[in-house]
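Q: Okay, handing you the structure first.
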Amino acid sequence: MTDIVFMDTETLGLDIDAPIWEFAAIRRNAETGKESRLHLFIDHTPDPWIALPDFPAEFIADYKRRYRILDSCTRELAADLISSFLDGRPHIIGAVPSFDTARISHQLLRPARIPDPWHYHLVDVENVVVGYIRGVHAACDREMPIEPPYKSDELSAAIGVDPADFDRHTAMGDVLWTRAQWDAVMGSSPRE
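With full-length UniProt numbering, the residue at position 170 of the sequence shown is 170, and numbering never jumps.
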């Protein structure tokens, strides 16, 4: 069995070059169920990203409130720490995890000449939730209650995971939210 890692980043935009400034992950051991965490703030150049006219004001406020350069590590150190944490090619689970893996690879790992450390099959928790909801309703001969375009808050609430219970749009908050959705659908949870 392969370990699973719930993972998320916070970036200064959607562009592949928009800097990653926060990384969080929880790794669950496949054999024991025990978990370990990695949470980093990463050094970067915020300009011109936060000065762009379409950058949401609430994200700028959150960034300025939480990011401190003295608490951040270099990109090189972040690449090493992330690579070590993901040793053994675990399966990455996230909300659109390809967004995060593409940027981690492009901005941190490739410049450090580190190969992608994760298993190439990424797991999108939102797709898992959609399939679960569809399966539950099909088994009861009911129509699918949620139709595309899917909204992550709506999907989460449909499986009994209240999005308001999590510190959203923070890397660790989104990791915890993803983990809660996974556990609700898969019937699993961490072991102490």
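All C-beta atoms in this analysis are idealised placements derived from N, C-alpha and C, irrespective of residue type, glycine included.
Everything numeric in this text was worked out from a predicted model, so none of it was measured.
1. Determine the extent of the alpha helix (DSSP H) in which Gly135 is found, giving its start and end residues.
2. I'd like the ranges of any beta strand (DSSP E) spanning at least 3 consecutive residues and lying wholly in the region 45-109.
3. Determine the direct distance from the alpha carbon of Asp124 to that of Asp153, and round the result to whole angstroms.
4. Rounded C-beta distance between Glu10 and Thr178? I'm assuming under 8 Å.
5. Assuming Ile60 and Asp43 make a contact with CB atoms under 8 Å, what is their CB distance in whole Å?
6. Within 10 angstroms of the Cβ of Ala180, are there 16 or more other Cβ atoms? Answer buried if so, exposed if not.
7. Going by alpha carbons, who is nearest to Glu35 out of Arg110, Leu176, Gly187?
8. Once you ignore the five residues that flank Asp3 on each side, which residues in its own chain have a CB closer than 8 Å to its CB?
9. Give me the Cβ distance between Pro148 and Ala157, rounded to the nearest whole Å; I'm assuming they're in contact under 8 Å.
10. Can you give me the start and stop residues for the beta strand (DSSP E) that Trp21 sits inside?
11. Which residue or residues does DSSP assign as beta-bridge partners of Phe166?
12. Using only the alpha-carbon positions, how far apart do Phe23 and Glu126 sit?
13. What is the residue span of the alpha helix (DSSP H) that Leu155 lies within?
14. Residue 217 by DSSP, collapsed to three states: which one?
15. Could you tell me how far apart the beta carbons of Asp174 and Asp8 are, in whole angstroms, since I believe they sit closer than 8 Å?
16. Helix or strand or just coil, what does DSSP make of Asp17?
17. Evaluate Ala25 with the Cβ neighbour count: other Cβ atoms within 10 Å of its Cβ, from every protein chain shown; 16 or more gives buried, anything less gives exposed.
18. Using three-state DSSP, classify Asp8 as helix, strand or coil.
19. Based on the DSSP secondary-structure assignment, which residues constitute the bridge partners of Phe36?
20. Does the distance from the C-beta atom of Gly33 to that of Pro190 stay below 7 Å?
A: Taking the coordinates as given:
1. What you label residue 135 is simply residue 135 of the sequence shown in a count that begins at 1. Unbroken alpha helix (DSSP H) run through Gly135: 125-139.
2. 91-94
3. Taking the first residue of the sequence shown as position 1, residue 153 is located at position 153. Taking the first residue of the sequence shown as position 1, residue 124 is located at position 124. Taking the straight line from one Cα to the other gives about 15 Å.
4. As a working note, residue 10 is residue 10 in the sequence shown. As a working note, residue 178 is residue 178 in the sequence shown. Not really, about 14 Å apart at Cβ, beyond 8 Å.
5. In the sequence shown, residue 60 corresponds to position 60, counting from 1. In the sequence shown, residue 43 corresponds to position 43, counting from 1. With 8 Å as the limit, Ile60 and Asp43 do not qualify as a contact, their Cβ atoms being about 18 Å apart.
6. Working through the sequence shown from its first residue, we reach residue 180 at position 180. Buried is the call here.
7. The residue labelled residue 35 in the question sits at position 35 within the sequence shown. That would be Leu176, whose Cα lies nearest to the Cα of Glu35.
8. One-based indexing of the sequence shown puts residue 3 at position 3. Result list for Asp3: Arg27, Arg28, Asn29, Ala30, Gly88, Pro90, His91, in chain order.
9. Within the sequence shown, the letter at position 148 stands for residue 148. Within the sequence shown, the letter at position 157 stands for residue 157. Contact doesn't hold; Cβ gap of about 17 Å is too wide.
10. What you label residue 21 is simply residue 21 of the sequence shown in a count that begins at 1. From DSSP, the beta strand (DSSP E) with Trp21 extends over 20-28.
11. Position 166 of the sequence shown, counting from 1, holds the residue named residue 166. Beta-bridge pairing links Phe166 to no other residue.
12. Walking along the sequence shown from the start, residue 23 turns up at place 23. Walking along the sequence shown from the start, residue 126 turns up at place 126. Spanning the two alpha carbons is a distance of roughly 20 Å.
13. Start at 1 with the first residue of the sequence shown, and residue 155 comes out as number 155. Run containing Leu155: 152-158, per the alpha helix (DSSP H) assignment.
14. With the chain covering 1 to 192 only, the question about residue 217 has no answer from this structure.
15. Sequence index remark: in the sequence shown, residue 174 carries index 174 (1-based). Sequence index remark: in the sequence shown, residue 8 carries index 8 (1-based). That belief holds up - the Cβ atoms of Asp174 and Asp8 are roughly 4 Å apart, short of 8 Å.
16. Residue numbering aside, residue 17 sits at position 17 when the sequence shown is read from its first letter. Correct three-state label for Asp17: coil.
17. Here residue 25 is taken as the residue at index 25 of the sequence shown, counted from 1. Answer is buried; the Cβ neighbour count reaches 16.
18. Walking along the sequence shown from the start, residue 8 turns up at place 8. Strand.
19. Walking along the sequence shown from the start, residue 36 turns up at place 36. This sequence places Ser at residue 36; Phe is not what is there. Ser36 pairs with Arg27.
20. As a first step, residue 33 must be located in the sequence shown, where it is residue number 33. As a first step, residue 190 must be located in the sequence shown, where it is residue number 190. Against a cut-off of 7 Å, the Cβ pair of Pro190 and Gly33 comes out as a contact.
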